[in-house]
Each structure stands twice: as C-alpha cells, then as structure tokens.
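Numbering (UniProt numbering), first residue to last: 1 to 150.
One structure is given here, and the rest of the page talks about it.
See below:
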C-alpha cells in the first residue's frame, strides 16, 4: 500500500473499509513503511476534520477511524517505532508475541486475582514494556507501561 492508496480509501467514506484499515495499520510490522506514512501526515490530518465530512453526511465513525490513524502515525513519527501503539490501545501481550511484534521476557501471573504482569520487549526497537492484564467487566483488559530500563 502506498500513501495514495490510503488517502483514496480514507476519502471513499466507506465506514467499514476505513475502520478495517485503521486497525490493520496498527498491526503493520514494517517500521520503514510506517515512517513513510507518518511523513505524509499532512495529507491525512485534514480528512479527520468535521468540515471535510460535513458535505459527505458528517460521518462520525469515519472521523473516529481517521483520528485513530493520525494519532498512531503521530506517535510513530515521534517515537520512531510501531510499539507506540501499546500506549494507545489495549493489546494483549501474548497475541502480540505470536505476531512477532514483541518478545515476552517474564510473565508473572496470579491465579487467584487473575492478574498478569508481563514484561516484554519490542522486536523492532528493543523498548521494554510491562503489560498489566486483568479481568474487567465481561472480559479482560490490558494496560501498557513503558519502562526506562529492564
């Protein structure tokens, strides 16, 4: 995918396609590609404005998805790595490890409280994180914390 393809999808107004691409981008492992997209933020950011979508039926869901993309790409541009997403959305450490995005270093699970403290490292930039996973509502949640050092 090139930036032109992404812009075309975002301009289409297709809520499902835009939502899908917003989550797909956050699972791209190629940092160079993400940096390239982040370098083109000035082309994407205007598409999240209310004024742009007011003539297209003011599609709130589309704007939310585009905001997700711009927030992620701004973080990639600032930090230089895809792992910035862990501070943005509640990813589960084991599924991220299965995709090769992180390496789990230590998994401390308490069976009584069903809480886990998972120390891990980004496979792209070597940044360390702790993912706290716990029961919440009708499922599990994850909160990530960036570590200065291990």
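The beta-carbon is built from N, C-alpha and C at its ideal position, and this holds for glycine as well.
Buried/exposed call for residue i, threshold 16 Cβ in 10 Å
i           : result
residue 25  : buried
residue 42  : exposed
residue 95  : exposed
residue 68  : buried
residue 125 : exposed
Residues that residue i bridges to, as DSSP identifies them
i           : result
residue 28  : In DSSP, residue 28 forms no bridge with anything.
residue 106 : 119
Helix, strand or coil at residue i according to DSSP, with G and I counted as helix
i           : result
residue 36  : helix
residue 149 : coil
residue 134 : strand
Alpha carbon of residue i to alpha carbon of residue j, nearest angstrom
i           : j           : result
residue 142 : residue 30  : 24 Å
residue 99  : residue 82  : 13 Å
residue 76  : residue 22  : 14 Å
residue 111 : residue 120 : 20 Å
residue 38  : residue 139 : 33 Å
residue 34  : residue 73  : 7 Å
residue 86  : residue 128 : 11 Å
residue 11  : residue 3   : 12 Å
Any C-beta of chain B under 7 Å from that of residue i
i           : result
residue 101 : Absence of chain B from the displayed structure is noted, only one protein chain being present.
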